[in-house]
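Right, one structure below, let's go through it.
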Amino acid sequence: MPKILIPTALRQFTGQQDSVEVAGATVGDALARLSAEYPSIKKNLFNEQGKLRSFVNVYVNDEDIRHLDKDATKLEGNETISIVPSIAGGAAGIVEQNTAVLSNEEVARYSRHLMLPEVGMEGQLKLKQSKVALIGAGGLGAPLGLYLAAAGVGRIGIVDFDVVDASNLQRQVIHGTKDIGRKKLDSASERMVDINPNLTIDKFDSGLTSENALDILRDYDIVVDGTDDFPTRYLVNNACVLLRKPNVYGSIFRFEGQATVFSYEDGPCYRCLYPEPPPPGLVPSCAEGGVLGILPGMIGVIQATETVKLILGIGETLKNRLLLYDALSMRFRELKLHRDRNCPVCGDRPTVTKLIDYQEFCGIRPPVSQPAETDGLIDAKELKAKLDRGDRFTLIDVREPYEYQIARIPGAKLIPLGELPKRLNELDPEAEIVAHCRSGARSQKAVDLLKQRGFHKARNMTGGILAWSDKVDPTVPKY
0 MPKILIPTAL RQFTGQQDSV EVAGATVGDA LARLSAEYPS IKKNLFNEQG
50 KLRSFVNVYV NDEDIRHLDK DATKLEGNET ISIVPSIAGG AAGIVEQNTA
100 VLSNEEVARY SRHLMLPEVG MEGQLKLKQS KVALIGAGGL GAPLGLYLAA
150 AGVGRIGIVD FDVVDASNLQ RQVIHGTKDI GRKKLDSASE RMVDINPNLT
200 IDKFDSGLTS ENALDILRDY DIVVDGTDDF PTRYLVNNAC VLLRKPNVYG
250 SIFRFEGQAT VFSYEDGPCY RCLYPEPPPP GLVPSCAEGG VLGILPGMIG
300 VIQATETVKL ILGIGETLKN RLLLYDALSM RFRELKLHRD RNCPVCGDRP
350 TVTKLIDYQE FCGIRPPVSQ PAETDGLIDA KELKAKLDRG DRFTLIDVRE
400 PYEYQIARIP GAKLIPLGEL PKRLNELDPE AEIVAHCRSG ARSQKAVDLL
450 KQRGFHKARN MTGGILAWSD KVDPTVPKY
């Protein structure tokens, strides 16, 4: 009798048997007998009209029946029949189709999808049954959340612990002015459910950590990285590799963005592209370097597109390709990626078998609190008192000129950090110097440089001009 090979995804319906022998004069007869013997498998093979589903291919002795006589292909009795379903999103097998249906409302909602042969009813059901983990509800997470919800993804887990700030609204289009002060998790979820009432959202009101990452991500088919810091990127990467989950990656800075798919099939991981993180402070954050508000929309939509393609099992993904986007020149470039066989995470002999402390891995140490007078720090209120008393000292602003135009502290001398080494002659080594920036990070670098060059009375204003606005003068705008 002909033998039908059962793929891993369908063995749950055949008592975990990897092959079944059935009688039949044609392929159609054999599959009908298989369905009669194992009724649960029928809806995974045939549509409501009794036709083989579009995402299921059938081979007879390694020949595709589409190039033979299809389900009327005759059998002699000793053939091997292989069922080859498409696999969505790197998950273990096709999405089970025996429970999900589309309501009339959903058919109307997704009608433009249903008209696409590459999607159709089967694809929309895959989307409905898919589970996607979204790390972050900020710049990249905003378009991702909007479009994944609108596309019909059935379950989305959002990991975020931040609150909406006015400075977010220039790019994080999932939030509104009324949401300022609310948890991003809540405002994003509210908007996504408004777009798609059929969506189930899992809220994780915390940062992703080495302690919770595997438990959170384990139940999702695909992980989409919408993070904005290096420790979390390396954490997401390693968790995806350990869990064998595709990692849809995107990053943005100023006018440039990147996107690719890591940890998919035999493709590379993030560690293959960037084996080591940059030193702390070398690459400024979007808060310090700025970002074009439209940019995360472009990159986030690319990530959402890749996610939907992975779920549907269609098209060519960005695996092995790094897509670069330059908004100023409106150009895309593509670089080849290769899996590093010596990669400690996904290589042939991986040495990373568990999650670690990624703050430490990226060289980030927790701040040590010490008295301001002994460690070269000064508070915004103390600086205001010095100014009011008329104390003799030099206040320097090490931000960029365009930041100086946004907000400034009266009496501050503008010397951008990059120009400071060449302009030391403008400062008195014997004078007390106070440096400030936006938040205190760049000014600390300035103070370190000054002390190395003999300016021993240099101090850093903690919290930068943001702290000045909070504690001293609220009329100074925050950015």
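So in numbering that gives the first Met the number 0, spot 154 of the sequence shown is number 153, and the numbers just go up one at a time.
Think of the CB as a built atom: it goes at the ideal place given N, C-alpha and C, for glycine as much as any other residue.
First and last residue of the uninterrupted alpha helix (DSSP H) at residue i
i       : result
Asp-28  : 26 to 36
Gln-451 : 440 to 451
Asn-103 : 103 to 108
Ala-258 : Looking at the DSSP string, Ala-258 is not in any alpha helix (DSSP H); the run it does join, the beta strand (DSSP E), is 255 to 261.
Arg-465 : The sequence given here has Leu at residue 465, not Arg. Run containing Leu-465: 463 to 470, per the alpha helix (DSSP H) assignment.
Run of the beta strand (DSSP E) containing residue i, from where it starts to where it stops
i       : result
Gln-123 : Element bounds for Gln-123: not the beta strand (DSSP E) but the alpha helix (DSSP H), 119 to 128.
Val-19  : 18 to 20
His-435 : 432 to 435
Lys-335 : 330 to 335
Ala-136 : Here Ala-136 belongs to no beta strand (DSSP E), and DSSP marks it neither H nor E.
Asn-459 : 457 to 460
Leu-416 : From DSSP, Leu-416 is part of no beta strand (DSSP E); its letter is neither H nor E.
Lys-2   : 2 to 4
Ile-228 : According to the sequence as given, residue 228 is Asp; it is not Ile. No beta strand (DSSP E) holds Asp-228; DSSP gives it neither H nor E.
Leu-327 : Premise fails: Leu-327 is in no beta strand (DSSP E) and is neither H nor E.
C-alpha distance - residue i paired with residue j, whole-angstrom precision
i       : j       : result
Ala-303 : Tyr-219 : 15 angstroms
Gln-369 : Gly-362 : A caution first: Gln-369 carries a pLDDT of 43, below 50, which makes its placement in the model unreliable, though a value can still be read off. If you take the alpha carbons of Gln-369 and Gly-362, they lie about 21 angstroms apart.
Ile-298 : Val-223 : 12 angstroms
Ile-40  : Glu-315 : 29 angstroms
Pro-343 : Glu-359 : 17 angstroms
Ser-34  : Ser-81  : 15 angstroms
Ala-212 : Glu-62  : 43 angstroms
Ile-231 : Leu-51  : Position check: residue 231 holds Thr in this sequence, whereas Ile was assumed. Taking the straight line joining both Cα atoms gives about 43 angstroms.
Asp-347 : Gly-138 : 35 angstroms
Lys-244 : Asn-43  : 23 angstroms
Ile-405 : Asp-469 : 16 angstroms
Ala-379 : Arg-422 : 25 angstroms
Ala-457 : Pro-277 : 27 angstroms
Phe-160 : Pro-295 : 19 angstroms
Gly-180 : Ser-284 : 22 angstroms
Gly-92  : Ile-3   : Note that Gly-92 scores 34 on pLDDT, short of 50, meaning its location in the model is unreliable; the coordinates nonetheless yield the value given after this. Roughly 17 angstroms separates the two Cα atoms.
Arg-441 : Gly-417 : 10 angstroms
Arg-170 : Ala-99  : 35 angstroms
Gly-462 : Arg-452 : 24 angstroms
Lys-69  : Arg-338 : 39 angstroms
Ser-482 : Leu-426 : The shown model of the chain, from 0 to 478, leaves out residue 482, and the question about it has no answer.
Gly-175 : Ser-166 : 11 angstroms
Thr-199 : Asp-356 : 31 angstroms
Gln-16  : Gly-312 : 25 angstroms
Gly-14  : Pro-6   : 12 angstroms
Gln-123 : Leu-113 : 7 angstroms
Ile-173 : Leu-145 : 7 angstroms
Gly-88  : Thr-306 : Caution is warranted here: a pLDDT of 29 is assigned to Gly-88, below 50, making its placement in the model unreliable, and the coordinate value is therefore given only provisionally. One C-alpha to the other measures close to 7 angstroms.
Leu-168 : Ala-71  : 59 angstroms
Pro-415 : Tyr-403 : 10 angstroms
Pro-116 : Asn-103 : 19 angstroms
Phe-45  : Ile-293 : 44 angstroms
Phe-454 : Ala-445 : 11 angstroms
Proximity to residue i [Cα-Cα], best of the options
i       : options                            : result
Lys-385 : Tyr-401, Pro-409, Ile-405          : Pro-409
Arg-0   : Gly-144, His-66, Val-26, Gly-151   : Residue identity differs from the one stated: residue 0 is Met in this sequence, not Arg. For Met-0, the nearest C-alpha among the options comes from Val-26.
Val-300 : Ser-284, Gly-288, Leu-322          : Leu-322
Gln-257 : Val-55, Lys-456, Leu-147, Arg-330  : Arg-330
Asn-77  : Glu-121, Thr-474, Glu-20, Val-55   : Glu-20
Lys-127 : Asp-70, Leu-101, Ser-328, Leu-449  : Leu-101
Asp-447 : Leu-465, Gly-375, Glu-305          : Gly-375
Pro-335 : Lys-318, Thr-176, Ala-136          : Per the sequence shown, the amino acid found at residue 335 is Lys instead of Pro. Comparing Cα-Cα distances from Lys-335 to each of Lys-318, Thr-176, Ala-136, the minimum goes to Lys-318.
Asn-459 : Gly-453, Cys-436, Ala-286          : Cys-436
Gly-225 : Gln-443, Gly-23, Asp-214, Gly-135  : Gly-135
Ser-129 : Ile-377, Ile-221, Asp-472          : Ile-221
Gly-151 : Val-55, Val-192, Asn-236, Ala-31   : Val-192
Arg-217 : Gln-443, Ile-355, Ile-155          : Ile-155
Phe-229 : Asn-197, Val-240, Pro-196, Tyr-273 : Tyr-273
Leu-413 : Ile-395, Leu-309, Tyr-401          : Ile-395
Gln-11  : Ala-22, Ala-31, Pro-38             : Pro-38
Ala-29  : Leu-9, Val-57, Glu-47              : Val-57
Gln-443 : Leu-465, Val-397, Val-163, Asp-472 : Val-397
Gly-49  : Glu-36, Ala-31, Leu-309            : Ala-31
Ala-286 : Cys-239, Glu-275, Asp-227          : Asp-227
Asn-60  : Thr-79, Glu-75, Glu-47             : Thr-79
Leu-241 : Val-351, Thr-474, Trp-467          : Val-351
Short CB-CB distance (under 8 angstroms) between residue i and chain B
i       : result
Leu-124 : The displayed structure is made up of one protein chain only, and chain B is not part of it.
| request: Indicate whether the contact test is met: 3 or more Cβ pairs, each with one atom in the stretch 382 to 394 and one in the stretch 426 to 436, closer than 8 angstroms. | output: Short answer: they touch.
Report task. Pick out the complete beta strand (DSSP E) segments inside the stretch 357 to 412, 3 residues or longer, and give them in chain order. Result -> Listed in chain order, the complete beta strand (DSSP E) runs (minimum 3 residues) inside the stretch 357 to 412 are 393 to 396.
Would you call the stretch 263 to 275 and the stretch 133 to 149 in contact, with 3 or more CB pairs under 8 angstroms? Under the three-pair Cβ rule at 8 angstroms, the stretch 263 to 275 does not count as touching the stretch 133 to 149.
Every unbroken beta strand (DSSP E) within the stretch 42 to 73, with a cutoff of 3 residues, ordered by chain: DSSP runs (the beta strand (DSSP E)) wholly in the stretch 42 to 73: 55 to 59.
| message | List, from N- to C-terminal side, the alpha helix (DSSP H) runs of 4 residues or more that fit wholly inside the stretch 151 to 226. | response | If only uninterrupted alpha helix (DSSP H) runs of at least 4 residues are considered, those enclosed by the stretch 151 to 226 are 183 to 194, 212 to 216.
Every unbroken beta strand (DSSP E) inside the stretch 230 to 311 [3 residues or more]: Fully enclosed beta strand (DSSP E) runs of 3 or longer: 246 to 252, 255 to 261.
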